[in-house]
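Counting in my numbering, the sequence shown runs from 121 upward without gaps.
Beta carbons: idealized from backbone N, C-alpha and C, even for Gly.
Predicted model, so just to flag it, every value in this text is computed and none were measured.
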Amino acid sequence: MSRVMTTTEAITEARRCLNCSRPTCIAGCPIENNIPRFIRALSDGNFGLAYETISETSNLPAICGRVCPHERQCEAHCVLTKKQHGIEIGSLEMFIADFAHQNNLCPTSPSSGLRGKVAVIGSGPAGLTVAGDLAKMDFDVTIYEAQTEPGGVLLFGIPEFRLQKDVVRREIQELLNLGVKIQTEKLAGIDFTVDDLFAQGYDAIFIGTGSSLPRTLNIPGKELSGILTATYFLRTVVLADSGKLDESETVLHTGDNVVIVGAGNVGMDAARTALRRGAKNVTVIFHKAEEDITAYPSEYQAAVKEGVHFKFLKQPIAYFNKKQIRALQNVRRQTTNIDETQVAGLLLQHITKTPLGEFVAEGGQEVMPCDCVILAVGQKPAARIVTSTKGIQIDNRGFVITRDRPYGMTTRAGVFSSGDVVHGPATVVLAMKESKKVAAGIAQYIDAKKLIEDCSI
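What follows is the structure, encoded as structure tokens:
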């Protein structure tokens, strides 16, 4: 996990780099940042060159420095990791990005916009990456965002304690400085369609709307109140913290016993956020074993350290209301006005992991009382764009189908896509990796299109 460094600490850390002749850290970086070059510049005190080097491949260095799983990527590939403590690459990247912001370093000139016109739908990691890369290649880029503010999952999905919102806003400002334009409160499929954008003269359109529809559990009691999705919960917290939503609408109350279903990174974010919002107890339910957790080790360890409890090999099979819970607890006291519409517990099926690694439902059941259930069991793409546009095919899971030549183009010419809407939920940097390749594909397509138009005159 990245940490804030002083100038002296950053330079000292950078000077530990061995400047390997074959730097494996680059291979570990999904977007292939020239890590040795920026670290060498940092060790020499040349912060401008260090930031310029990072900016050649990353449009969101301050964000990547904070939320990328460095322990599984660049830092895991550092040769010093095997021998001793590896270079803290994420912390150094964060230091350089923060220094650049504080000192108004601008390594890239604004786009001329003369090479072509591109519309980007969605302002999450994928959309911001495509927009930034295309602007650097002198394209005229406009982002269309459904929310009142750009940022997507970076702003509304990742908690403040992991990624400060002012960091997201300042990285977006850097894109504006490159000449990227942003229109907010523009919902694709409602306020405009892909056909509308082509009619406005765009040469290509990029779809980066992510997997915005959360999955739920289709089990008895699903109609009860007090059951919400992690993405909704995290978004309401951001809005409440910014004064755009009343605190009461975050659903969770001080002193609540909260259950999180799902042990991925989003589940860890929801659990740690619930504690910060005043929950008395937070328990994560996971249908597999501890070693099968999908969250990054650092996120899981942080949750444990903060007091989040875990129940492994438990599968929710029904929600219970207060009347059902009291009946199970043999509460004989006559009570009127028992709320039968509020969730008050989960019925859990015990799961056994066989020697072959299979998970089977056996070992009995138990009831876990609670005041609130937050679901972090996955997401899927919304269908507004596809249903309002002809020619864009999706697979049987609802994800957009793309091709390799030009990279990232859908089954409709001139329409490209990447990120969660294509590959399913992934990390910020993996969405950036694919989106950088798609940006190159868009440039290739527009250049070829204009060449053909010129030849036909």
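Is the separation between the beta-carbon of residue i and that of residue j shorter than 8 Å?
i: valine 463; j: isoleucine 339; result: no
i: phenylalanine 536; j: alanine 319; result: no
i: leucine 212; j: alanine 130; result: yes
i: valine 379; j: leucine 274; result: no
i: proline 489; j: asparagine 401; result: no
i: glycine 242; j: glycine 272; result: yes
i: leucine 248; j: leucine 295; result: yes
i: leucine 372; j: cysteine 492; result: yes
i: isoleucine 310; j: arginine 504; result: yes
i: glycine 498; j: arginine 335; result: yes
i: isoleucine 521; j: threonine 531; result: yes
i: aspartate 361; j: glutamate 280; result: yes
i: threonine 507; j: proline 189; result: no
i: phenylalanine 353; j: valine 238; result: no
So, at 6 Å on beta carbons, what are the nonlocal neighbours of residue i in its own chain, with the 5 sequence-adjacent residues on each side left out?
i: cysteine 137; result: Ile159, Ile207
i: serine 538; result: Ala246, Gly528, Glu554, Ser555, Val558
i: glutamate 460; result: Asn441, Lys443
i: methionine 257; result: Ala563
i: glycine 236; result: Phe259, Asp323, Ile566
i: alanine 266; result: Leu307
i: lysine 473; result: Ala409, Phe479
i: glycine 375; result: Lys400
i: leucine 283; result: Arg186, Val187
For residue i and residue j, I'd like the C-alpha separation in whole angstroms.
i: valine 300; j: cysteine 198; result: 35 Å
i: aspartate 574; j: aspartate 567; result: 11 Å
i: tyrosine 416; j: lysine 569; result: 43 Å
i: histidine 470; j: phenylalanine 479; result: 10 Å
i: leucine 162; j: serine 229; result: 22 Å
i: leucine 225; j: cysteine 149; result: 24 Å
i: alanine 251; j: valine 541; result: 17 Å
i: asparagine 179; j: lysine 342; result: 41 Å
i: glutamine 485; j: leucine 337; result: 18 Å
i: glycine 483; j: aspartate 389; result: 30 Å
i: isoleucine 263; j: lysine 203; result: 46 Å
i: isoleucine 413; j: alanine 438; result: 22 Å
i: cysteine 140; j: glycine 277; result: 37 Å
i: glutamate 195; j: glutamate 152; result: 13 Å
i: alanine 134; j: arginine 355; result: 37 Å
i: leucine 395; j: alanine 422; result: 12 Å
i: isoleucine 146; j: isoleucine 155; result: 6 Å
i: alanine 409; j: alanine 399; result: 25 Å
i: serine 345; j: serine 368; result: 14 Å
i: valine 424; j: threonine 126; result: 28 Å
i: alanine 391; j: glutamine 193; result: 25 Å
i: glutamate 419; j: phenylalanine 406; result: 15 Å
i: leucine 468; j: alanine 481; result: 10 Å
i: valine 314; j: asparagine 223; result: 40 Å
i: leucine 448; j: leucine 476; result: 35 Å
i: isoleucine 514; j: lysine 500; result: 12 Å
By Cβ distance below 7 Å, which residues in the same chain neighbour residue i in space, the five residues on each side in sequence not counted?
i: methionine 214; result: Ser122, Ala182, Gly185, Arg186
i: valine 357; result: Thr370, Thr393, Arg397
i: glycine 544; result: Ser331, Phe519
i: serine 232; result: Asp258
i: arginine 578; result: The structure shown does not extend to residue 578, since the chain is modelled only from 121 to 577, so the question has no answer here.
i: alanine 502; result: Thr329, Ser332, Leu333
i: arginine 387; result: A small correction: the amino acid at residue 387 is glycine; arginine does not occupy that position in the sequence shown. Counting only Cβ-Cβ distances below 7 Å, and skipping sequence neighbours, we find Ala350, Ile380, Val404, Ala415, Ala496.
i: glycine 168; result: Leu225
i: threonine 269; result: Note that residue 269 corresponds to glutamate in the displayed sequence, not to threonine. Cβ neighbours of glutamate 269 beyond the five flanking positions: Leu275, Thr304.
i: glycine 561; result: Pro526, Tyr527, Gly528, Met529, Phe536
i: glycine 165; result: Ile131
Across which residues does DSSP place residue i in a beta bridge pair?
i: asparagine 441; result: Val463
i: valine 404; result: Ile380, Phe430
i: isoleucine 566; result: Bridge partners of isoleucine 566: none, in fact.
i: threonine 349; result: Leu495
i: proline 489; result: Gly465
i: alanine 324; result: Val238
i: leucine 333; result: Lys500
i: isoleucine 302; result: Ile263
i: glutamine 435; result: Gln469
i: valine 424; result: Valine 424 pairs with nothing; no bridge assigned.
i: alanine 308; result: Phe312
i: alanine 319; result: The partner list for alanine 319 (beta bridge, DSSP) is empty, contrary to what the question assumes.
i: alanine 481; result: Ile471
i: serine 537; result: Ile327
For residue i, I'd like the list of residues in its chain whose CB is within less than 8 Å of its CB, leaving aside the five on either flank, ordered along the chain.
i: valine 287; result: Ala182, Ile183, Arg186
Using 8 Å as the limit for Cβ to Cβ distance, is residue i near chain D?
i: proline 526; result: Going by chain labels, chain D is absent from the structure shown, which holds only one protein chain.
Item to complete: Taking 8 Å as the threshold, find out whether the region 381-393 comes into contact with the region 423-441 through three or more Cβ pairs.
Response: yes
Worksheet item: Can we say the region 163-177 touches the region 214-223, given the rule of at least three CB pairs closer than 8 Å?
Response: yes
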